[in-house]
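What follows is a single structure, written as structure tokens, with notes after it.
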Amino acid sequence: MRSYVALLAPALVAASPLGVVGDGSSPKPEEITIVSASASGNGCPQGTVTSDLSTDGKVITFGFDAFQVYTGPDTKQSDKSKNCQLHLNLKYPGGFQYAVVESTYHGYAQLESGVTGTFYSTYYFSQDAAATTTTRTSIEGGGTWADGQVYTKQDLVPTASIIWSPCGASGILNVNNRVALTSSNSSASGQISDDDATVAFNQQVHFNWQVCK
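For what it's worth, the working numbering labels the leading residue of the sequence shown as 66, then goes sequentially.
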């Protein structure tokens, strides 16, 4: 099955918790476009990823065939953890810089009791790879998760941890997503994968803008 990740340029995000598009502290919506985007990692190896950029350059959708993790009696260690790193190059006017402040994920998980699924998202800009922000969210198996259900994960990046793009340059934003399964019960099984092409794995990235100083 194929899962999807949709990346939205800031102009399409309805509400940014910091700053208002077009108020003078952020670029005008028509001035922001996605120039290019790509993906890399063992969760999205070559030949398993498709991408579709909207005609206005505001939205790009990635489709993945291999971003799935499993655990159980017959699984290998490599089945239990996968990552997919997204690289997004935005075109925006000089004099501004941006930072990620929120990400929302939707997907499907089936986890028996004793199995834990953990989601990591690390944000950084290529020009300063040492400066990163990482969020972490976990799902404990059992209960309703044992039968499988769709999940929603929302990351709010603390203000003190916000990483800003380089000032005066169109910095490449990298989002390294990793999903890992661990288990305290060797006979328990679990998976995090796609269920439906439209809800399997969708990510919306919210941005905060500021004028370069």
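All C-beta atoms, glycine included, are put in the ideal place defined by N, C-alpha and C.
Please indicate yes or no: does the CB of T136 lie closer than 7 Å to some heavy atom of the ligand SAH? Looking at this structure, you won't find the ligand SAH or any other ligand, since it has none at all.
Taking 8 Å as the threshold (C-beta atoms), are P158 and E59 in contact? Since the first residue shown for the chain is 66 and the last is 278, residue 59 is missing from the structure and cannot be characterised.
When we look at the beta-carbon of T217 and count the other beta-carbons within 10 Å, is it buried (16 or more) or exposed? Classification of T217: exposed, given that the 10 Å Cβ count is below 16.
Nearest-angstrom Cα separation, counted from E177 out to S252: Those two C-alpha atoms are separated by around 10 Å.
Compare the Cα-Cα distances from Q219 to each of T199, G122 and G255 and report the closest residue. Selected option, being the one with the closest Cα: T199.
Exposed unless 16 or more other CB atoms sit within 10 angstroms - verdict on R201: R201 should be labelled exposed.
Starting from N242, follow its DSSP beta bridges and name the residues at the other end. BP columns for N242 point to C149 and S186.
Rank S248, N273, Q275 and C277 by C-alpha distance to the C-alpha of T140 and give the top, closest one. Of the candidates S248, N273, Q275 and C277, the one whose C-alpha sits nearest the C-alpha of T140 is S248.
Rounded C-alpha distance that separates I125 from Q150: About 15 Å.
So who's on the other strand from N154, going by DSSP bridges? Assignment of beta-bridge partners to N154 by DSSP yields S101 and I237.
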